[in-house]
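> Residue numbers (numbering that gives the first Met the number 0), protein chains in the order written: chain V, 0 to 487; chain Y, 0 to 94.
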Amino acid sequence: MELIEHSSRELLAWLERGEVKAEELTSAYLQAIRQREAKVRAFVHLDEASALEQARRVDDKRRRGQPLGKLAGLPVAIKDVLCTKGVPTTCCSKILRNFIPPYDAHVISRLKEEDAVLIGKTNMDEFAMGSSTENSAFQITRNPWDLERTPGGSSGGSAAAVAACEVPLSIGSDTGGSIRQPASLCGIVGLKPTYGRVSRFGLVAFASSLDQVGPFGHDTYDVALLMEVIAGHDRRDSTSAPEPVPPYRQTLDQPVLPLRIGVAREYFGEGLDAEVEQAVREALQVYRRLGATIQEVSLPHSRYAIATYYIVATAEASSNLARYDGVHYGYRAQRFDNMIHMYSRTRGEGFGAEVKRRIMLGTYVLSRGYYEAYYLKALKVRRLIKEDFDKAFAECDVVAGPTSPTPAFRIGEKVADPLAMYLSDIYTISCNLAGIAGISIPCGFTRNGLPIGLQLLAPPFAEEKLLRIARMYERETDWHLRRPVVPA
Amino acid sequence: MALKPEEVRWVAHLARLECSPEEIELFTMQLSQIVEYVNQLQEVQTEGVEPLSHCLPLHNVFREDEASPSLSVDEALANAPARKGDFYSVPAVLD
Numbered sequence: 000m001e002l003i004e005h006s007s008r009e010l011l012a013w014l015e016r017g018e019v020k021a022e023e024l025t026s027a028y029l030q031a032i033r034q035r036e037a038k039v040r041a042f043v044h045l046d047e048a049s050a051l052e053q054a055r056r057v058d059d060k061r062r063r064g065q066p067l068g069k070l071a072g073l074p075v076a077i078k079d080v081l082c083t084k085g086v087p088t089t090c091c092s093k094i095l096r097n098f099i100p101p102y103d104a105h106v107i108s109r110l111k112e113e114d115a116v117l118i119g120k121t122n123m124d125e126f127a128m129g130s131s132t133e134n135s136a137f138q139i140t141r142n143p144w145d146l147e148r149t150p151g152g153s154s155g156g157s158a159a160a161v162a163a164c165e166v167p168l169s170i171g172s173d174t175g176g177s178i179r180q181p182a183s184l185c186g187i188v189g190l191k192p193t194y195g196r197v198s199r200f201g202l203v204a205f206a207s208s209l210d211q212v213g214p215f216g217h218d219t220y221d222v223a224l225l226m227e228v229i230a231g232h233d234r235r236d237s238t239s240a241p242e243p244v245p246p247y248r249q250t251l252d253q254p255v256l257p258l259r260i261g262v263a264r265e266y267f268g269e270g271l272d273a274e275v276e277q278a279v280r281e282a283l284q285v286y287r288r289l290g291a292t293i294q295e296v297s298l299p300h301s302r303y304a305i306a307t308y309y310i311v312a313t314a315e316a317s318s319n320l321a322r323y324d325g326v327h328y329g330y331r332a333q334r335f336d337n338m339i340h341m342y343s344r345t346r347g348e349g350f351g352a353e354v355k356r357r358i359m360l361g362t363y364v365l366s367r368g369y370y371e372a373y374y375l376k377a378l379k380v381r382r383l384i385k386e387d388f389d390k391a392f393a394e395c396d397v398v399a400g401p402t403s404p405t406p407a408f409r410i411g412e413k414v415a416d417p418l419a420m421y422l423s424d425i426y427t428i429s430c431n432l433a434g435i436a437g438i439s440i441p442c443g444f445t446r447n448g449l450p451i452g453l454q455l456l457a458p459p460f461a462e463e464k465l466l467r468i469a470r471m472y473e474r475e476t477d478w479h480l481r482r483p484v485v486p487a
Numbered sequence: 000m001a002l003k004p005e006e007v008r009w010v011a012h013l014a015r016l017e018c019s020p021e022e023i024e025l026f027t028m029q030l031s032q033i034v035e036y037v038n039q040l041q042e043v044q045t046e047g048v049e050p051l052s053h054c055l056p057l058h059n060v061f062r063e064d065e066a067s068p069s070l071s072v073d074e075a076l077a078n079a080p081a082r083k084g085d086f087y088s089v090p091a092v093l094d
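1) So if DSSP puts His232 (chain V) in a beta bridge, which residue, or which two residues, is it bridged to?
2) How many angstroms separate the CA atom of Pro150 (chain V) from the CA atom of Asn142 (chain V)?
3) With DSSP as the reference, label Ala399 (chain V) as helix, strand or coil.
4) Are Ser183 (chain V) and Ser439 (chain V) touching if we call contact CB-CB under 8 Å?
5) Which partner residues does Thr193 (chain V) have in the DSSP bridge list?
6) How long is the line joining the alpha carbons of Gln253 (chain V) and Ile468 (chain V), rounded to whole angstroms?
7) My assumption, with CB atoms under 8 Å, is that Leu55 (chain Y) sits in contact with Ala240 (chain V). Please give the rounded CB distance.
8) Report the partner residues of Lys120 (chain V) according to the DSSP bridge assignment.
9) Show which residues of chain V have a CB atom less than 8 Å away from the CB atom of Pro50 (chain Y).
10) From the DSSP output, which residues share a beta bridge with Asp145 (chain V)?
11) Considering only their Cβ atoms, is the gap separating Arg148 (chain V) from Arg367 (chain V) smaller than 8 Å?
12) May I have the straight-line CA-CA distance separating Pro401 (chain V) from Ser67 (chain Y), to the nearest angstrom?
13) Please report whether the beta-carbon of Glu5 (chain Y) lies at a distance below 8 Å from any beta-carbon of chain V.
14) My assumption, with CB atoms under 8 Å, is that Ile358 (chain V) sits in contact with Leu16 (chain Y). Please give the rounded CB distance.
15) What runs of the alpha helix (DSSP H), each 4 residues or longer, lie entirely inside the segment 337 to 408 of chain V?
16) Using DSSP's beta-bridge definition, name the partner residues of Lys111 (chain V).
17) Which residue from V:Val228, V:Gly268, V:Gln30 and V:Leu456 puts its Cα closest to that of Glu1 (chain V)?
18) Buried or exposed for Thr292 (chain V), going by 16 or more other Cβ atoms inside 10 Å?
19) Among the residues of its own chain, which have a CB less than 7 Å from the CB of Val7 (chain Y), if the five just before and after it don't count?
20) Rounded to a whole number of angstroms, what is the C-alpha to C-alpha distance between Tyr87 (chain Y) and Arg179 (chain V)?
21) Taking buried to mean at least 16 other C-beta atoms within 10 Å of its own C-beta, is Asn59 (chain Y) buried or exposed?
22) Taking only three categories from DSSP, how would you classify Lys93 (chain V)?
23) Specify whether the segment 186 to 203 of chain V and the segment 219 to 238 of chain V touch according to this definition: at least 3 beta carbon pairs, one from each stretch, less than 8 Å apart.
24) Within this structure, are the beta carbons of Thr250 (chain V) and Glu463 (chain V) separated by less than 8 Å?
25) Within a Cβ cutoff of 7 Å, which residues of the same chain sit near Arg381 (chain V), ignoring the five residues on either side of it in sequence?
26) For Phe42 (chain V), tell me which candidate among V:Leu168, V:Ala160 and V:Leu378 has the shortest Cα-Cα distance.
27) Quick one: does Glu17 (chain Y) have its CB under 8 Å from some CB of chain V?
In structure tokens:
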């Protein structure tokens with residue numbers, strides 16, 4: 000393995016022993032970025048000089064024997080949905096093209112406190128609305144395993160950057176699967192924490208009751224490390240939870256036994272690719288060999304998850320995105336007749352098609368005469384979806400299944416059919432509606448060499464156990480060690 | 000139940016989104032499909048079910064009312080599309 004292909008576990012050990020300098024490591028990743036970005040296009044903002052400067056500061060601290068943070072010298076890429084002080088934060092939208100935040104998101108402050116090297120901002124579906132990163136106003140990101148295919152989305156840039164070894168770690172956000180689905184399609188590990196586990200302060204809001212920030216890496220150690228840094232209470236987000244943050248890495252290698260794994264029939268339904276199903280069933284066999292009990296659980300309302308989600312999420316989005324009015328920040332239309340016209344033309348010119356569609360749908364379901372039939376109804380079904388999980392978790396430790404019904408799809412394949420795109424999130428969406436934790440880990444490849452992901456869902460604040468359970472499988476397999484060959 | 004173009008135009012007005020006639024036509028078709036899809040929720044029995052707007056059992060989070068440093072006027076206005084002195088500048092609201 001080349002230096003840049005390693006997990007943070009090895010990289011940290013070498014940095015600590017002085018076998019590699021932070022500056023050398025950052026240079027190696029920057030070189031990979033220069034070689035591969037023309038094809039992958041994961042980054043929308045890159046500052047090489049600043050990255051090298053941050054790395055040199057870490058090397059200086061180490062030389063002087065000063066205390067160092069948990070990420071000392073490790074490069075991290077950030078989805079362009081998190082505010083970074085003095086660095087553009089665009090959400091890959093024309094309406095925020097020139098926005099430079101005057102403050103850091105909580106997650107960014109935490110990464111800086113732990114001496115991470117912030118290397119750049121990554122591409123995403125505009126305002127995190129999409130499942131392929133094709134809704135970016137700026138560029139198309141390609142899947143490092145097959146450049147004709149999408150990396151998934153909406154955190155496609157962050158997932159592709161790790162998969163292509165342009166960076167060892169990255170941060171994404173997950174409102175309906177936007178971390179787990181791209182992790183699955185790119186052959187890496189992605190964790191969606193419990194709602195409230197990570198502060199949303201400085202995260203540009205899409206759907207406030209569903210959004211969570213979370214980590215990407217090559218293996219469970221990587222995401223455990225990032226979780227130790229980003230999780231925890233923050234007084235600036237009143238929905239961030241006061242639960243203590245366990246030292247996830249310390250217990251990572253301890254198997255969970257006895258272990259009961261729930262399998263929901265609803266997650267193996269129509270539309271599931273045969274190769275994906277086979278890989279997931281084989282993963283369950285691995286757990287069985289390790290002593291786990293595999294038992295059927297029922298999530299009868301999961302078939303309504305997508306319909307519920309596209310009402311709840313768009314309703315919240317229509318309200319959250321009302322702030323883009325051309326007054327306080329962002330784009331303003333050049334010509335208009337009056338104040339109201341300035342709002343509507345600014346928004347009409349500034350938002351892309353998918354964002355407009357969702358604002359319209361959200362406005363519709365909240366409007367007079369439809370609120371009860373749609374929005375209130377969806378909130379009731381949301382409770383039923385959550386109660387399904389409460390019942391399932393009374394019988395098992397985690398619910399296992401495929402992360403995505405198919406491997407990576409072709410660029411352009413679903414762009415003209417929004418509903419088909421929505422259905423690609425069929426297995427990830429209920430996790431957000433129920434506020435629980437979920438992880439996607441690599442569990443195989445198709446005959447064409449496309450990665451397949453296994454999704455494990457756990458009760459609220461059970462990330463420590465979830466990571467240990469994921470690690471049990473990872474120790475038995477080597478899918479997480481494979482790296483794509485990106486043509487230069 | 001399909002949406003009519005005039006309904007879509009009304010929703011666009013409520014959302015303050017200027018849409019071209021082509022967009023109205025496209026959104027009428029696409030939103031109709033999506034609304035038809037989400038209509039399957041009507042078949043779910045929800046009598047007596049409390050709506051769930053939020054998953055965390057958190058209510059009324061309080062903190063001390065303490066003064067702390069905030070953004071300067073210049074920092075707050077740095078991203079404004081138009082500025083006049085210490086204010087955001089907007090077109091006349093009243094004639």
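A virtual CB, placed ideally from N, CA and C, is assigned to each residue, including glycine.
Straight from the coordinates:
1) None, per the DSSP bridge assignment.
2) If you draw a straight line from the Cα of Pro150 (chain V) to the Cα of Asn142 (chain V), it is about 4 Å long.
3) Three-state result, Ala399 (chain V): strand.
4) yes
5) Beta-bridge pairing links Thr193 (chain V) to no other residue.
6) 9 Å
7) 7 Å
8) V:His44 and V:Ile77
9) Leu375, Leu378, Lys379, Arg381 and Arg382
10) Residue pairing for Asp145 (chain V): DSSP places it in a beta bridge opposite V:Asn142.
11) no
12) 47 Å
13) Contact with chain V is absent for Glu5 (chain Y), since none of that chain's Cβ atoms lies less than 8 Å from the residue's Cβ.
14) 6 Å
15) 338 to 349, 352 to 365 and 376 to 394
16) In DSSP, Lys111 (chain V) forms no bridge with anything.
17) V:Gln30
18) exposed
19) Ile23, Phe26, Thr27 and Leu30
20) 40 Å
21) exposed
22) helix
23) yes
24) Annotated as proximal: Thr250 (chain V) and Glu463 (chain V), with beta-carbon spacing under 8 Å.
25) Thr307, Val311 and Leu432
26) V:Ala160
27) yes
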